[in-house]
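A quick write-up on the structure given underneath.
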Amino acid sequence: MKRFVTVAMLATLAFASIGQSNDFVDQLLGSKAVTYGQVAYLILVSSGNIGEDVDTERAFEFLRALDWTPPNAAFDRPIRLDQYALLLSRAFGLGGNLEQSIFPTAHGAYHSLSSIQVIQGKSDPGMPVSGIQAIQMIGRVSDLVGMSQ
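Here it is in structure tokens:
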């Protein structure tokens, strides 16, 4: 019960300021494995790269145009934790160490975000990302970015 309350509070805080639709949030929270389309919308709106009036398909197209997706990424394909970490790092400007800043990799982003506690608990770079986990990580990144500004 305590975990549910924490997640609910994080979700409310994360989305109150950006005004995303309740349907999207409900769908995301119920997802055991978020897709590239969902993540594209979540990350790009949260980071201010697109407006919340853009749909998930256009958000994914924009993510591809930025060349932030691997070649095998598809709109409805689940995203791995290391790939999600890389997208968060790029969207929010979390460079990590010098090597990661010059040659960003998904594995490097995973380790960088683990070291600053954005990724918490038992995890594996290749595991799928749940909707709850995606929202929690966005909240932690927002806290970090807010503290540095």
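Residue numbers for the sequence shown follow the numbering used here, beginning at 44 and rising by one.
Here a beta-carbon is modelled for each residue, glycine too, at the ideal position from N, C-alpha and C.
Any idea what DSSP makes of residue i, helix, strand or coil?
i, result
"Thr78", "strand"
"Thr99", "helix"
"Ala134", "helix"
"Ser185", "helix"
"Asn115", "coil"
"Asp110", "coil"
"Ser178", "For the record, residue 178 in the displayed sequence is Ile; it is not Ser. Ile178 falls in the helix class under three-state DSSP."
"Asn92", "coil"
"Phe67", "helix"
"Ala59", "Bear in mind that a pLDDT of 45 at Ala59, under 50, signals an unreliable position, so the number given afterwards is only what the model happens to contain. Looking at Ala59 - three-state DSSP - the assignment turns out to be helix."
Taking 8 Å as the cut-off, decide whether the C-beta atoms of residue i and residue j are in contact.
i, j, result
"Pro168", "Pro121", "no"
"Glu95", "Gly80", "no"
"Phe134", "Ile86", "Note that residue 134 corresponds to Ala in the displayed sequence, not to Phe. Yes, Cβ-Cβ distance for Ala134 and Ile86 is below 8 Å."
"Trp111", "Leu137", "no"
"Ile181", "Ser89", "yes"
"Phe118", "Thr78", "yes"
"Gln126", "Pro114", "no"
With DSSP as the reference, identify every bridge partner of residue i, one or two as the case may be.
i, result
"Pro171", "Arg123"
From residue i to residue j, what does the alpha carbon distance come to, in whole angstroms?
i, j, result
"Gly174", "Leu72", "5 Å"
"Gly91", "Leu109", "14 Å"
"Asp189", "Ser132", "First, the residue type needs correcting, since residue 189 is Gly and not Asp in the sequence shown. Computed Cα separation, rounded: 14 Å."
*Can we say the region 92 to 111 touches the region 144 to 154, given the rule of at least three CB pairs closer than 8 Å?*
Touching, no, given that fewer than three Cβ pairs across the two stretches are closer than 8 Å.
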